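A.B. asks: Residue numbers (our numbering): 1172 to 1585.
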Ligand SMILES: [Zn+2]
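1. Just to confirm the assignment, what range does the alpha helix (DSSP H) spanning residue 1182 have?
2. Evaluate the contact criterion for the region 1419-1437 versus the region 1569-1576: three or more CB pairs, one atom per stretch, below 8 Å.
3. Can you list the residues near ligand 1, meaning Cβ strictly closer than 7 Å to any non-hydrogen atom, in the order they appear in the chain?
4. Where does residue 1523 land, buried or exposed, given buried means 16+ other C-beta within 10 angstroms?
5. Which term fits residue 1212, buried or exposed, when burial requires 16 or more other beta carbons within 10 angstroms of its beta carbon?
6. Any idea what DSSP makes of residue 1176, helix, strand or coil?
7. Could you tell me which of 1317, 1534, 1509 sits nearest to residue 1288, measuring between CA atoms?
8. Write down every uninterrupted run of the alpha helix (DSSP H) in the region 1360-1415 whose length is 4 residues or greater and which is fully enclosed by it, in chain order.
9. How is the beta strand (DSSP E) around residue 1340 delimited, first residue to last?
10. On the CB-based measure, 16 or more other CB atoms within 10 Å of its CB, does residue 1254 come out buried or exposed?
11. Alpha carbon to alpha carbon, how far is residue 1284 from residue 1236?
12. Who does residue 1225 pair with in a DSSP beta bridge?
13. For the beta strand (DSSP E) containing residue 1299, list its first residue and its last residue.
14. Would you mind sorting residue 1405 into buried or exposed? The rule is 16 or more other CB atoms within 10 Å of its CB.
15. Here's the rule I'm using: 16 or more other beta-carbon atoms within 10 Å means buried, otherwise exposed. How should residue 1230 be labelled?
16. Is there contact here, the region 1318-1327 with the region 1288-1297, by at least three beta-carbon pairs under 8 Å?
17. Roughly how many whole angstroms lie between the Cα atoms of residue 1548 and residue 1509?
18. What whole-angstrom Cβ distance do residue 1177 and residue 1246 have, given they're in contact under 8 Å?
19. Please check the pair residue 1339 and residue 1313, which I expect to be a contact at CB under 8 Å, by giving their CB distance rounded to whole angstroms.
20. Could you compute how far the alpha carbon of residue 1565 sits from the alpha carbon of residue 1354?
21. With residue 1310 as the anchor, note down where its beta strand (DSSP E) starts and where it stops.
22. To the nearest angstrom, how far is it from the Cα of residue 1227 to the Cα of residue 1360?
23. Tell me the DSSP bridge mates of residue 1358?
24. From which residue to which residue does the alpha helix (DSSP H) around residue 1444 run?
25. Beta-carbon separation of residue 1293 and residue 1244 under 8 Å?
26. Any idea what DSSP makes of residue 1284, helix, strand or coil?
27. Give the straight-line distance between the Cα atoms of residue 1208 and residue 1249, rounded to the nearest whole angstrom.
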C-alpha cells in the first residue's frame, strides 16, 4: 500500500481512501509505461480493475465529496517518486490550491446545468495534459445536469480521452438523482457523513479552534463539515443559529415568533445580496465586455436585452442562484430548529443519547417540560412540511409564517 498525505485529513472511510490510492497508483503505472491503459471505452477490460477514467462521487451534503475529489486529483497528478499524493510537490500543492493547469474544478451554482457549460467541459476534457500525466475534470453538482446537458457529456464519460479522468460529484445520498446513462458508465464512490469525532478532529487540525468549540460545531452541524467550519469561524452564523433555536421559545409568546421569523428572513436576504451582488456585477461586466459593450449604464442594459438575449439569460441564472441561496439558508435554519425538538424528545425520554445542540440543554429541557412528546413530534412534522414547501417555490415568508402557526398549534398555545 502506498502512502498518500493528501488523504490524511479526509473523514472518508479507509476503504474509500484505499480505492482512490489504488486507482491513482495504477494511473501512475499506466502513465509511466506510456500505454493507453484503460483508455477509450476500454475501462471494463482494464489491465488493472482498480482503474477507470470516469468516476461518480456521491454522499450527503457536507460529507466531503469535493475534498475527496480534489485529493484524488492531487494523487493523480502528483510527481513524488514514492508517494501518490505526497501533499508536498508542486502538483499536489497547486491542485489543493485550485491553480493546477491540468486540474479543472467546475462548480456550477445554477439550479440546473445547461448544455452550454457542458460543451466547455467536453472541450476541456478533450485537451491533453500539459504539465502532468493526467487531465482531471471535476464537475460538482452533477445531479443538476439537464437531460440535454447530460447527453452532451455522455460520450466523454463513455469514451474518455486517453489521458483524461472525469469525476462527477453530486450531493446526493442516492445515485438515482444522476441520469442512469451517466451513472452506469462511472465507478461509483459513496462518501458517507463523517462522525462528530471525525469532524472535530478535522476542525482542530485546521487550527485556530479549541477542541470544545470544534466538538460543539460538529455536533450541531450534524456531521456536515462545511457547516461546522462555517459555524465555528463565523460569528454571524453563530448569531443566526442562536436566533433560530430561540424561536422554539418565542413560540410561547405569539407575535414575537412572527417577528423573529421576519427578521431571520431579512437577515438572510441581506447576506444573500452582500454575497452575490459583487459576483453578479463581475459576471455582467464580463458579458458586456465580451459583447463589445465597453461603456456601462442604464441604456446599455436595455439595448443588450433587445439584441442578444444573453444578458437576459445571465440575469435568469443569477435570479435562480439567489433563490437557491435563500432556500438553502432557510433549509439549514430549519435543520437547526428540528435539532432542538429532537433534543427535547431525547431529554423527555431520558435516553442516553448525545444532544444535537449540547449548549442549549436548558432550552430543550424547558421544551420537554412544557410540550408533550406528541406535541414535539408534531413540531418535527411541521418542520419537515415546511422544508418540502421550500422545494415547491412557496414564498419564504409565507412558508415560515405557516410554520409558526403549526408550531403554536403543536404547543397548544392559545
Ligand atoms: Zn505530490
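Backbone N, C-alpha and C fix where the C-beta goes; we use that ideal spot for every residue, glycine too. These numbers were taken from a predicted model, which means no experiment stands behind them.
C.D. replies: Once the coordinates are examined:
1. Run containing residue 1182: none; DSSP gives neither H nor E here.
2. As far as the Cβ criterion goes, the region 1419-1437 touches the region 1569-1576, which means the pair count is three or higher.
3. Checking every Cβ against the heavy atoms of ligand 1 under 7 Å gives 1245, 1249, 1250, 1251, 1254, 1256, 1257, 1258, 1259, 1260, 1262, 1263.
4. It is exposed - the Cβ of residue 1523 has fewer than 16 other Cβ atoms within 10 Å.
5. Since pLDDT at residue 1212 reaches only 42, below the 50 mark, its modelled position is unreliable, and the value read off the structure follows with that caveat. The residue is exposed, with fewer than 16 neighbouring Cβ atoms inside 10 Å.
6. DSSP, read as helix, strand or coil, puts residue 1176 in helix.
7. Residue nearest to residue 1288 within the set 1317, 1534, 1509 is 1317 (criterion: CA-CA distance).
8. Taking 4 residues as the shortest admissible run, the region 1360-1415 contains the following complete alpha helix (DSSP H) segments, listed from N- to C-terminal end: 1367-1377, 1382-1391, 1396-1404.
9. For residue 1340, the enclosing beta strand (DSSP E) begins and ends at 1335-1341.
10. Looking at its Cβ environment, which holds 16 or more other Cβ atoms inside 10 Å, residue 1254 is buried.
11. Computed Cα separation, rounded: 19 Å.
12. The partner list for residue 1225 (beta bridge, DSSP) reads 1337.
13. Looking at the DSSP string, residue 1299 is not in any beta strand (DSSP E), and its letter there is neither H nor E.
14. Residue 1405 is classed as exposed because its beta carbon has fewer than 16 other beta carbons within 10 Å across all chains shown.
15. Buried is the call here.
16. Look at the beta carbons and you see the region 1318-1327 touching the region 1288-1297: at least three pairs across the two are nearer than 8 Å.
17. Approximately 10 Å between the Cα atoms of the pair.
18. About 6 Å separates the beta carbon of residue 1177 from that of residue 1246, a gap short enough to meet the 8 Å contact definition.
19. The C-beta distance from residue 1339 to residue 1313 rounds to 4 Å, short enough to fall under 8 Å.
20. C-alpha separation (whole angstroms): 32 Å.
21. Where residue 1310 is concerned, the enclosing beta strand (DSSP E) stretches over 1306-1310.
22. Separation of residue 1227 and residue 1360 (C-alpha to C-alpha, rounded to the nearest whole angstrom) is 6 Å.
23. Note: residue 1358 sits in a beta bridge opposite 1226.
24. DSSP places residue 1444 inside the alpha helix (DSSP H), whose first and last residues are 1426-1461.
25. No, these two residues do not count as a Cβ contact at 8 Å.
26. The three-state reading of DSSP puts residue 1284 in strand, counting E and B together.
27. With a pLDDT of 47 at residue 1208, under the threshold of 50, the modelled position of this residue cannot be trusted, and the question is left open.
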